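> Numbering (this note's numbering), first residue to last: 324 to 393.
Quick reminder that beta carbons are idealized off the backbone N, C-alpha and C, glycines included.
Treat the numbers as computed from the prediction; the structure is a model and nothing was measured.
The structure follows.
Take a look at the structure:
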């Protein structure tokens, strides 16, 4: 087997808006993220999105069968 072909894993800090969120191992010492589960609306429940009409039904209502015809 070849030696020294794999990148070295170093301690890594995950950073969100200047704050260290968590520490893990990676090939990079720092990773800056825009969104993480602590602020994402799906996980926090702060924002509710109610889909009153299904996506397929909405598409069919808007375009009908015209998208199949040429």
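(1) What residue from 383, 329 and 366 has the CA that sits closest to residue 350's CA?
(2) Is residue 344 closer than 7 angstroms to residue 366 when the C-beta atoms are compared?
(3) For residue 336 and residue 326, what's the separation of their Cα atoms in angstroms?
(4) Assuming contact is defined by CB atoms lying nearer than 7 angstroms, are residue 355 and residue 338 in contact in what I supplied?
(5) Please report the straight-line C-alpha distance between residue 387 and residue 378, rounded to a whole angstrom.
To lay it out plainly:
(1) Counting from one through the chain shown, the residue named residue 350 turns up at place 27. When 383, 329 and 366 are compared, the shortest CA-CA separation from residue 350 is found for 329.
(2) As a working mapping, residue 366 is identified with position 43 in the chain shown. As a working mapping, residue 344 is identified with position 21 in the chain shown. Taking C-beta atoms as the reference points, residue 366 and residue 344 fail to come closer than 7 angstroms.
(3) One-based indexing of the chain shown puts residue 336 at position 13. One-based indexing of the chain shown puts residue 326 at position 3. One C-alpha to the other measures close to 28 angstroms.
(4) Residue numbering aside, residue 355 sits at position 32 when the chain shown is read from its first letter. Residue numbering aside, residue 338 sits at position 15 when the chain shown is read from its first letter. Contact: yes.
(5) As a first step, residue 387 must be located in the chain shown, where it is residue number 64. As a first step, residue 378 must be located in the chain shown, where it is residue number 55. Approximately 13 angstroms, taken between the alpha carbons.
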